[in-house]
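Protein chains in written order, with the working numbering: chain G, 1001 to 1147; chain A, 1001 to 1147.
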């Protein structure tokens, strides 16, 4: 029997499933949160723009198959709700778990992510994930420039 | 007479006004594209999350008042339209214009930006601007990692 994809009744359910799939490095579960029949976009820190199911799946297959083990915690969520499209912005804290110091064990990376969810016949699905490096203390004073 | 804010009838009109205001370093025009009565978010490369009218205005006042002169060109636009909320993703190319080489004249920085627009009684307005550094060739192969 083919795997039946879950139906998420709120954007928050979709977001929870997204980060839980990342924690478990479960590629099928990860891909099941994305919208179908839509142009989908995934941008990771300092990376290119991946658009479409296959490029996004391939990028995350490489991440999940790499020897970089990490945890990801999400906080400071802002929600901009709307009827058919809802935008979340969160702070992701990624902690590397590799055992050897030279691999950067314990390194903590703060990332800001904009997640856009769209309501479809199959429930709320992820349309855009745009994540990028940020300064350690978000909402703090900063001297960032445009280059 | 107080300045009457323009009403943008499409998200593209709003986006054009946004980048044109940046090119002219026109802070009032720049702020007039943002949504009112909404939580608005602005994230710049490697920077913190600015939310709310005043922090965003202050961040851009500093940029416009700095001695960093630049041009900004937008291409590779992807549009995910919807009735009340529309998402654009664009490649921004920022070129520094300073005259002295030590200031980085001619330096070109590729940036990916997700712009979320919301339809309000006052037309389409900007809800989220999230921009971040990318590799020189977007959509190209990459080896970016999560840290």
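C-beta atoms are modelled at their ideal positions from N, C-alpha and C, and glycine is treated no differently.
Task: Inter-residue Cα distance where the pair is residue 1025 of chain G and residue 1117 of chain A - done: The residue you call residue 1025 of chain G lines up with position 25 of the first chain. The residue you call residue 1117 of chain A lines up with position 117 of the second chain. For residue 1025 of chain G and residue 1117 of chain A, the distance between alpha carbons rounds to 33 Å.
Task: Span of the beta strand (DSSP E), counted from its first residue to its last, around residue 1110 of chain A - done: Numbered from its first residue, the second chain carries residue 1110 of chain A at position 110. First-last of the beta strand (DSSP E) with residue 1110 of chain A: 1108 to 1120.
Task: Spatial distance of residue 1119 of chain G from residue 1039 of chain A (CA atoms) - done: Residue numbering aside, residue 1119 of chain G sits at position 119 when the first chain is read from its first letter. Residue numbering aside, residue 1039 of chain A sits at position 39 when the second chain is read from its first letter. In a straight line, the C-alpha of residue 1119 of chain G is about 21 Å away from that of residue 1039 of chain A.
Open item on the list: I believe residue 1091 of chain A touches residue 1075 of chain A by the beta-carbon criterion, under 8 Å. Please report the beta-carbon distance rounded to the nearest angstrom.
Closed with: As a first step, residue 1091 of chain A must be located in the second chain, where it is residue number 91. As a first step, residue 1075 of chain A must be located in the second chain, where it is residue number 75. Confirmed, about 5 Å.
- [ ] Can you have a look at residue 1032 of chain A and say buried or exposed, based on whether 16 or more other CB atoms are within 10 angstroms of its CB?
- [x] In the second chain, the residue the question calls residue 1032 of chain A occupies position 32. Under this definition residue 1032 of chain A is a buried residue.
Task: Alpha-carbon to alpha-carbon, residue 1055 of chain G and residue 1050 of chain A - done: Within the second chain, numbered from 1, the residue matching residue 1050 of chain A stands at position 50. Within the first chain, numbered from 1, the residue matching residue 1055 of chain G stands at position 55. So the two alpha carbons sit approximately 31 Å from each other.
- [ ] State yes or no: is the C-beta of residue 1127 of chain A within less than 8 Å of the C-beta of residue 1021 of chain A?
- [x] Your numbering for residue 1127 of chain A matches position 127 in the second chain. Your numbering for residue 1021 of chain A matches position 21 in the second chain. Going by C-beta atoms, residue 1127 of chain A is not nearer than 8 Å to residue 1021 of chain A.
Open item on the list: Using a Cβ-Cβ distance cut-off of 8 Å, determine whether residue 1075 of chain A contacts chain G.
Closed with: As a working mapping, residue 1075 of chain A is identified with position 75 in the second chain. Output row for residue 1075 of chain A: interface = no.
Open item on the list: Which complete alpha helix (DSSP H) runs does the region 1011 to 1059 of chain G hold, if anything under 4 residues is left out?
Closed with: 1011 to 1024, 1027 to 1031
Task: residue 1114 of chain A versus residue 1069 of chain A: straight-line alpha-carbon distance, rounded - done: Here residue 1114 of chain A is taken as the residue at index 114 of the second chain, counted from 1. Here residue 1069 of chain A is taken as the residue at index 69 of the second chain, counted from 1. So the two alpha carbons sit approximately 23 Å from each other.
Open item on the list: Per the DSSP calculation, residue 1089 of chain G is bridged to which residue(s)?
Closed with: Counting from one through the first chain, the residue named residue 1089 of chain G turns up at place 89. Paired residue(s): G:1078, G:1114.
Task: Cutoff 6 Å; reference residue 1130 of chain A; Cβ partners in own chain excluding five residues on either side - done: Against the second chain, residue 1130 of chain A aligns to sequence position 130. If we look at residue 1130 of chain A and ignore the five residues flanking it on each side, its Cβ neighbours are 1043, 1114.
Open item on the list: Which same chain residues end up closer than 6 Å to residue 1079 of chain A when comparing Cβ atoms and leaving out the 5 residues on each side of it in sequence?
Closed with: Mapped onto the second chain, residue 1079 of chain A falls at position 79. Contacts found: 1088.
- [ ] Just the chain G side, please: which residues come within less than 7 Å of residue 1112 of chain A by C-beta, in chain order?
- [x] For the purposes of this step, residue 1112 of chain A is identified with residue 112 of the second chain, where counting begins at 1. Those are 1043, 1049, listed as they occur along chain G.
Task: Simplified DSSP assignment, three categories, for residue 1072 of chain G - done: On the first chain, position 72 is the one that residue 1072 of chain G refers to. Three-state DSSP puts residue 1072 of chain G in a strand.
Task: Close Cβ partners of residue 1018 of chain A (< 8 Å) along its chain, the five nearest in sequence each way excluded - done: Residue mapping note: residue 1018 of chain A aligns to position 18 of the second chain, counting from 1. 1030, 1033, 1115, 1126, 1129.
Task: Coil, strand or helix - residue 1063 of chain G by DSSP - done: Reading the first chain from its first residue, position 63 is the one you call residue 1063 of chain G. Reduced to three states, the DSSP call for residue 1063 of chain G is helix.
- [ ] Using a cut-off of 8 Å between C-beta atoms, extract the partners of residue 1120 of chain A located in chain G.
- [x] Along the second chain, one-based indexing puts residue 1120 of chain A at 120. By Cβ distance, chain G contributes nothing, its closest Cβ being about 11 Å from residue 1120 of chain A, past 8 Å.
TODO: Report yes or no: is there a C-beta of chain A within less than 8 Å of the C-beta of residue 1039 of chain G?
DONE: Position 39 of the first chain, counting from 1, holds the residue named residue 1039 of chain G. Interface residue, yes.
TODO: Classify residue 1081 of chain G as buried or exposed, calling it buried when 16 or more other Cβ atoms lie within 10 Å of its own Cβ.
DONE: Position 81 of the first chain, counted from the first residue, corresponds to residue 1081 of chain G. So residue 1081 of chain G counts as exposed.
Open item on the list: Check whether chain G comes within 8 Å of residue 1033 of chain A, counting only Cβ atoms and requiring the distance to be less than that.
Closed with: Walking along the second chain from the start, residue 1033 of chain A turns up at place 33. It does not: the Cβ of residue 1033 of chain A has no partner Cβ on chain G nearer than 8 Å.
- [ ] For residue 1122 of chain A, collect the residues of the same chain with a Cβ closer than 8 Å to its Cβ; drop the 5 residues on either side in sequence, then sort them by chain order.
- [x] Here residue 1122 of chain A refers to the residue found at position 122 of the second chain. Here the set comprises 1005, 1007, 1036.
Task: Within chain C, partners of residue 1127 of chain G - CB distance below 8 Å - done: Of the protein chains in the structure, G and A, none is chain C.
Open item on the list: Between G:1077, G:1132, G:1106, which has its C-alpha nearest residue 1012 of chain G's C-alpha?
Closed with: Working through the first chain from its first residue, we reach residue 1012 of chain G at position 12. That would be G:1077, whose Cα lies nearest to the Cα of residue 1012 of chain G.
Task: Exposure of residue 1134 of chain G, with buried meaning 16 or more beta-carbon neighbours within 10 Å - done: Here the question's residue 1134 of chain G lines up with position 134 in the first chain. It counts as buried.
Task: residue 983 of chain A - DSSP class collapsed to helix/strand/coil - done: Here chain A comprises residues numbered 1001 to 1147, so residue 983 of chain A is not present and cannot be evaluated.
TODO: Would you mind sorting residue 1071 of chain G into buried or exposed? The rule is 16 or more other CB atoms within 10 Å of its CB.
DONE: The residue given as residue 1071 of chain G occupies position 71 in the first chain. So residue 1071 of chain G ends up on the exposed side.
Open item on the list: Taking the alpha carbon of residue 1073 of chain A as the reference point, which residue from A:1041, A:1124, A:1023, A:1132 has its own alpha carbon closest?
Closed with: One-based indexing of the second chain puts residue 1073 of chain A at position 73. Checking every option, the nearest Cα to that of residue 1073 of chain A belongs to A:1023.
Open item on the list: Classify residue 1132 of chain G: buried if its beta carbon has 16 or more other beta carbons within 10 angstroms, exposed otherwise.
Closed with: As a position in the first chain, residue 1132 of chain G is number 132, starting the count at 1. Residue 1132 of chain G is buried by the Cβ-count criterion.
Task: Selection from G:1066, G:1058, G:1009, G:1109 that minimises the alpha carbon distance to residue 1094 of chain G - done: Within the first chain, residue 1094 of chain G is the residue found at index 94, counting from 1. Of G:1066, G:1058, G:1009, G:1109, the residue nearest in Cα terms is G:1109.
Open item on the list: Distance cutoff 8 Å, beta carbons only. Does residue 1016 of chain G sit that close to anything in chain A?
Closed with: Start at 1 with the first residue of the first chain, and residue 1016 of chain G comes out as number 16. Not one chain A Cβ lies under 8 Å of residue 1016 of chain G.
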